[in-house]
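For the sequence shown, full-length UniProt numbering begins at 1 and goes up steadily by one. Beta carbons: idealized from backbone N, C-alpha and C, even for Gly. In this text, all values refer to a predicted model and were calculated from it rather than measured experimentally.
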Amino acid sequence: MFRRRNAHQLDNDDSQQDNKVRELKSAIGPLSGHSLVFCSDASLRRFLDARNWDVEKAKKMIQETLKWRSTYKPQEIRWNQVAHEGETGKASRASFHDRQGRVVLIMRPAMQNSTSQEGNIRHLVYLLENAIINLPKGQKQMSWLIDFTGWSMAVNPPMKTTREIIHILQNYYPERLGIAFLYNPPRLFQAVYRVHKKNIRHYYKTIKIVSLLFFFKKVYYIPTIFFHVGC
């Protein structure tokens with residue numbers, strides 16, 4: 001009944017959405033502590049949306065997320081624990097929002113300074129949590145700007161790390177990525193990206209590859225450019 005092609009019908013039917021949220025809440029059962037806070041109505045809607053409003057699938061997704069959060073404890077990661085990963089500026093939260101009011105994360109892969117899979121992942125998870133905390137009221141998504149200028153295989157993280165990051169983003173932070181712009185990605189990266197499109201199918205339409213120099217040059221110093229790129 002609630003297939004992706006009919007999603008627009010749900011978008012225009014608050015009563016159906018509310019019923020699905022109540023059904024999911026009942027299916028999950030009693031919660032306490034951080035799990036209770038995490039499973040707000042807004043969060044339940046995100047998980048339902050990510051699973052085409054299928055309550056059973058959304059329930060499984062939330063349960064797996066709660067299990068991950070109970071062991072990984074992303075909400076407890078502090079800056080001083082990951083500061084060494086971010087000292088080169090390879091990833092950071094921008095001081096501006098995009099024109100949709102979304103928090104912007106800027107990533108510069110060429111500034112990679114670590115080979116630690118766990119360190120890289122914890123740093124990104126910290127940024128995700130920080131971005132969510134700083135989302136304006138009523139906004140649930142963030143934007144990514146990924147500047148590949150200067151990138152080379154020498155600073156490329158292992159594919160295992162990349163796969164784990166994709167897994168975390170898709171399964172534990174559904175509907176959080178509003179749009180991602182890839183500036184100046186090397187041809188090798190584009191080839192790898194095409195191969196792995198099926199692994200990021202849920203986010204595929206949110207990813208835009210841009211190569212025109214003026215389009216994003218110094219975007220993090222001239223944020224007004226970002227306000228007019230049609231995102």
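Do R93 and L127 have their beta-carbon atoms positioned less than 8 Å apart in this structure?
One thing to note: L127 has its Cβ within 8 Å of the Cβ of R93.
Quick check: the Cα distance between A50 and E56, rounded to an integer number of angstroms?
Taking the straight line joining both Cα atoms gives about 12 Å.
Can you grab the Cα-Cα spacing for the pair D14 / V21, in whole Å?
C-alpha separation (whole angstroms): 10 Å.
Under 8 Å by Cβ, that's how I've got V103 and L135 pegged, so tell me the actual separation to the nearest angstrom.
Cβ-Cβ separation between V103 and L135: approximately 6 Å, consistent with a contact (criterion under 8 Å).
Going by C-alpha to C-alpha distance, which of H34, D54, R176 sits closest to K140?
Of H34, D54, R176, the residue nearest in Cα terms is R176.
Spatial neighbours of V125 in its chain, beta-carbon cut-off 8 Å, leaving aside the 5 residues before and after
Y72, P74, I77, I168.
In this structure, does DSSP put Y172 in helix, strand or coil?
Helix at Y172.
For W144 and I179, the rounded distance between their alpha carbons:
Across the structure, I179 and W144 are spaced so that their CA atoms are roughly 6 Å apart.
Quick one: grab the DSSP three-state call for D41.
Look at D41 here: in three-state DSSP terms it is helix.
Could you name the residues of the same chain whose beta carbon sits closer than 7 Å to that of A27, not counting the 5 residues immediately before and after it, in chain order?
So the qualifying residues of the chain are V55, K59.
Quick check: the stretch 100-115 against the stretch 78-88, are at least 3 beta-carbon pairs closer than 8 Å?
Enough Cβ pairs lie closer than 8 Å, so yes.
What is the DSSP secondary structure of S143, counted as helix, strand or coil?
Strand at S143.
CB-CB under 7 Å to D41, same chain, minus the five flanking residues each way: which ones, in chain order?
Answer for D41: V21, listed in chain order.
In chain order, what residues of the same chain lie with their CB nearer than 7 Å to the CB of L31, ignoring the 5 residues before and after it?
These residues qualify, in order along the chain: C39.
Which residue comes first and which comes last in the beta strand (DSSP E) that contains G150?
No residue range can be given for G150, since it is assigned to no beta strand (DSSP E) and is classified by DSSP as neither H nor E.
Would you mind giving the Cβ-Cβ distance between F96 and P174, rounded to the nearest angstrom? I have them listed as a contact below 8 Å.
25 Å between Cβ atoms; not a contact.
Taking the straight line between their C-alpha atoms, what separation do you get for K25 and M142?
Rounded to the nearest angstrom, the two C-alpha atoms are 25 Å apart.
Could you give the distance in angstroms between the alpha-carbon of Y204 and the alpha-carbon of K160?
Only weak support is given to the placement of Y204: the predicted model assigns it a pLDDT of 44, under 50, and the value that follows is read from those uncertain coordinates. Y204 and K160 have their C-alpha atoms some 20 Å from each other.
For R93, which three-state DSSP category applies?
In this structure, DSSP gives R93 an extended state, which the three-state scheme calls strand.
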